[in-house]
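Below: one structure, written as structure tokens.
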Amino acid sequence: MKKVLVILLILTGVVPGTAQPRFNGFLQNWTAYNLNDDHEVFLLRNRFRLNTTLAGDWARGYVSIDFSDERQEDQPLQEFNVRQLYFDLYFNKFDLRVGKQQVIWGKADGVFINDIVNPLDLRYFLMQDFDDIRQGSIMIKANAYLGAWGLEALFIPKFEPWRMAELGSPWEFYRPTVMEVEIEPQPGMFLTLPIEFQWQKAQQPSSTLSNGELGFNLSGFMLGTDISLLYLNSFQDHAIARIDSVGIQAVQIGTEIIPQSGILILTPHYEKIAMYGFNFARPFGGLVLRGEVGYFTDYRFSLQPEFSPGSMPEISNSTESDFLQALVGADFSGPWSSNLSMQYIRKQIMDYDSAIMSNDEVEEMLTLMISGTFLNEEGSVKWLTLYDKNNESGLSRLMLGYKIADAVLVEAGVDILWGKRESFIGQFADNDNIYLKLIYSF
Amino acid sequence: MIKKWILVLVFILGQLFGQMTAREIMMKVDNQPEPKSMVATTDMTLISVKRGKVKERLRKITRYQRNYSSGIFDSKSLIRFQHPADVKGTGFLMWEYAGDKDDDQWLFLPALGKVKRIAARDKGENFMGSDFTYEDIGGRDLDDDHFSLLGEEMLDGNQCYKIEAVPVAGKTVYSRRMSWIDKRKWIAVKVEFYDKKNRLQKIMTIDELRKDGRYWSVLKMRMENVQTGHKTLMNISDIQYDTGIRDDYFTERFLMRVN
């Protein structure tokens, strides 16, 4: 906190032509009850957000901090978080931003296809507001402008991984701890062998210059269409498990060695990737059509460990393949300030190997969002659904908001999740909840 | 052919006897001098009455606009939301084209840090929850209405033409509009809006005007929905004309720059 105050004071001194610092933010209470578990308090979170801006003629400083005090399933947690802290310099055809910042590269709503510059905060899965899901990264970003076109270049010196929920949290991601494999130690003798997974701490890339992340975004306006061409040299968002070693417990019966159980020791690693992307958005009357295509080279996928009949298990690691992510979406504007938004997402492994764990060759997802306002925008309603076609899993959220006063919003909602336990969304199928948020903005 | 000659004759007689037609009056209103650029701050107070209790909400925006007399653009504008706090910094960029081409519009949401391409809203929708629709603010083409001069009336001590406009083309949410045009200023100082069932729906009144150089500035206006009792007061301040805003101000770069 002290550091932030010092930075604010420094900014006040160095931003030329600075007016008084301007503050805004909110106080928020978020109370959620689980619908599947005796209606216990699922989450109790109080949060204070303070944004400070110091703007001058050709420079600007910005700090956004969060202080939260929460209780999630009886686990108290206080946290102070510097969300963003950066300094801008403006030139005639050129802007520079240095510091912790968020960069948005996508046209999609609620899903991240090409919008992968910043790591995500998935401690509450997708239940947080979307501006809270994206974490700031320390980087240098430069933008050059020529007419309706702009070129953005960014460099992130140190990789930051996604932030996941703590062990024991209802939003802790599923990781297999045991699996059973059938082996044939002797001809005609079949055994089911339990294999225990022992997970080591994820191995992060070293902070070397060559491990820095580099990106370019050329964007502009042509024939009524917003267009972006993207390149990002980065790391995969989620770590890939590498098997460090395999242990087999066996008993000797006479001359025969009979395996009893196995242990796999796995260490998650972050792998380097390159992404080539294309975004577009174009209106057609009351409809906006938008899309994203991201092509990743040398994307790495975990493989199932192989156990050959009649022999000791072989250590298999992972395989590389090019990987495609694409989205097409349509937004319709309706009466009474209503909007209907639909998105189709397709992910495809170009050189598919049947031993790849957790991923199908082609994965498809659909999203639907209907929103609107009423009572001269005092009230709002939103219904959002994500459906994972491969795993027949999804989540659905219904939100109803009402502004008691200009500064006070009360929001009530319900989240329903379903699907296979091993799937990205379905693993949280027990986390159906009903919630109330009270937000005072200043 | 005869009809055309009658129209010419009516026009000549009108000129000879000093009597303007309804369309000529509306053309004169429409042809008020237009600044090359403009900056203004607008405070909108939304007033509702529920069970005898008055509730007021405030919206504050700053609007930057550049008008074009030639080329493909009619105007470009950038609206920055200042109040309420939860939408502060939100930016709305609009490029309006000469002719029938649809506007291009973008919305910047500072909480998401994202510029979103949006479709032009239905002109009949309310602007920011107020009683003004996009059509009320943007106006209609003269060719889209048939005008009739119903006479002259005194309004707040000012002699006004009373003109009825009935739509003949283009989309509108109204069956007709009744306008009172100040004879000295050539400005509609009061407009009544009638719904599709020809019932009086809203009344717009200009309460304060000021002449800044060549341009008339509306400083205070209100719109009252007589059917719901909801009303909107609009106060416009910090008006600056012809400040020379550069064309590149109306781009995504400046839409995202929130001070």
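From first to last, the protein sequence lines are chains E and L. If you read the first sequence in my numbering, its first letter stands for residue 1, the second for the next number, and so on. If you read the second sequence in my numbering, its first letter stands for residue 1001, the second for the next number, and so on. The beta carbon of each residue, even a glycine, is placed where N, CA and C say it ideally should be. On a predicted model such as this, the values are computed, not experimentally measured, just so you know.
DSSP state of residue i, grouped into three classes?
i	result
E:N118	coil
L:A1040	strand
E:G310	Only weak support exists for where E:G310 lies, its pLDDT of 49 falling under 50; the value from the coordinates is given anyway. Coil, per DSSP.
L:M1026	helix
E:E40	coil
L:I1137	helix
E:A429	helix
E:L209	helix
L:V1087	helix
E:L398	strand
L:Y1249	helix
L:D1156	coil
E:D237	coil
L:D1102	coil
L:D1074	strand
E:L375	coil
L:L1150	strand
E:L35	coil
E:D360	coil
L:D1143	helix
Considering only heavy atoms of the ligand ATP, does any lie closer than 7 Å to the CB of residue i?
i	result
L:E1152	The model on display carries no ligand, and the ligand ATP is accordingly not part of it.
Nearest to residue i by CA position, among the options, is which residue?
i	options	result
E:S234	E:P176, E:G224, E:P194, E:V117	E:V117
E:L409	L:N1031, L:P1084, L:T1243	L:P1084
L:V1054	L:D1248, L:T1232, L:F1250	L:T1232
L:T1205	L:E1224, L:G1113, L:L1058	L:E1224
E:Q348	E:M369, E:S371, E:S321, E:G329	E:S321
L:L1142	L:E1164, L:W1095, L:Q1201	L:E1164
E:P194	E:S245, E:G212, E:Q260	E:Q260
E:L151	E:P157, E:L438, E:N143	E:N143
L:G1052	L:L1093, L:G1229, L:I1236, L:A1188	L:G1229
E:F395	E:Q78, E:G110, E:A148	At residue 395 of chain E the sequence reads Leu, which differs from the Phe that was named. When only C-alpha atoms are compared, the closest one is E:G110.
E:F159	E:L214, E:W105, E:K420	E:L214
L:R1246	L:K1028, L:K1190, L:G1138, L:Q1065	L:Q1065
E:A355	E:V328, E:N317, E:S341, E:M369	E:N317
E:A326	E:K107, E:F80, E:R97, E:D69	E:K107
E:Q28	E:L289, E:I425, E:Q427, E:A407	E:A407
L:V1115	E:D88, E:F48, E:G220	E:G220
L:Q1227	L:W1180, L:E1056, L:D1195	L:D1195
L:V1039	L:S1048, L:E1024, L:T1021, L:R1080	L:R1080
Would you kindly work out how many angstroms separate the C-alpha atoms of residue i and residue j, rounded to a whole number?
i	j	result
L:M1234	L:M1221	5 Å
E:M179	L:V1087	50 Å
E:P76	E:L218	45 Å
E:F42	E:L436	12 Å
E:E256	E:D244	27 Å
E:L54	E:Q102	18 Å
E:R282	E:S333	14 Å
E:G401	E:I439	11 Å
E:W30	E:L44	6 Å
L:N1067	L:G1213	17 Å
E:Y299	E:G25	39 Å
L:P1033	L:L1219	17 Å
E:G413	E:F67	24 Å
E:G310	E:Q198	Confidence is the limiting factor: at E:G310 the pLDDT is only 49, short of 50, which leaves the residue's position unreliable and the question unanswerable from this model.
E:F23	E:V381	29 Å
L:L1200	L:E1153	19 Å
E:A330	E:F278	17 Å
L:Y1161	L:Q1240	30 Å
Name the two residues that bound the continuous alpha helix (DSSP H) containing residue i.
i	result
L:L1255	1252-1255
E:D132	130-133
Is there a C-beta anywhere in chain A that falls below 8 Å from the one on residue i?
i	result
E:Q78	In the structure shown, chain A does not exist; the protein chains are E and L.
If I follow the unbroken beta strand (DSSP E) through residue i, where does it start and stop?
i	result
L:T1232	1231-1241
E:M127	Taken as a continuous stretch (DSSP letters only), E:M127 belongs to no beta strand (DSSP E), as it is neither H nor E.
L:F1132	Taken as a continuous stretch (DSSP letters only), L:F1132 belongs to no beta strand (DSSP E), as it is neither H nor E.
E:I113	That residue, E:I113, is in no beta strand (DSSP E); it is neither H nor E in DSSP.
E:P259	256-269
E:W418	408-418
Any contact between the stretch 1149-1161 of chain L and the stretch 1072-1083 of chain L? By contact I mean 3 or more CB pairs, one from each, below 8 Å. Contact fails: fewer than three Cβ-Cβ distances are below 8 Å.
For the pair the stretch 221-234 of chain E and the stretch 271-284 of chain E, tell me if three or more CB-CB distances fall below 8 Å. A contact exists between the stretch 221-234 of chain E and the stretch 271-284 of chain E.
The stretch 1115-1132 of chain L in contact with the stretch 1142-1154 of chain L per 3-pair CB rule at 8 Å: Proximity of the stretch 1115-1132 of chain L to the stretch 1142-1154 of chain L falls short of the contact definition, fewer than three beta-carbon pairs being nearer than 8 Å.
Check whether the stretch 324-344 of chain E and the stretch 1118-1125 of chain L touch, using three or more Cβ-Cβ pairs below 8 Å as the test. Contact between the stretch 324-344 of chain E and the stretch 1118-1125 of chain L is present, with at least three C-beta pairs closer than 8 Å.
Examine the Cβ distances between the stretch 163-179 of chain E and the stretch 122-142 of chain E and report whether three or more of them are shorter than 8 Å. Inter-segment contact for the stretch 163-179 of chain E and the stretch 122-142 of chain E is present: three or more beta-carbon pairs are separated by less than 8 Å.
Taking one C-beta from the stretch 22-38 of chain E and one from the stretch 430-438 of chain E each time, how about it: are there three or more such pairs within less than 8 Å? They touch, by the three-pair rule.
Contact the stretch 1168-1182 of chain L vs the stretch 1038-1046 of chain L: 3+ CB pairs below 8 Å: Counting Cβ pairs under 8 Å, fewer than three are found: no touch.
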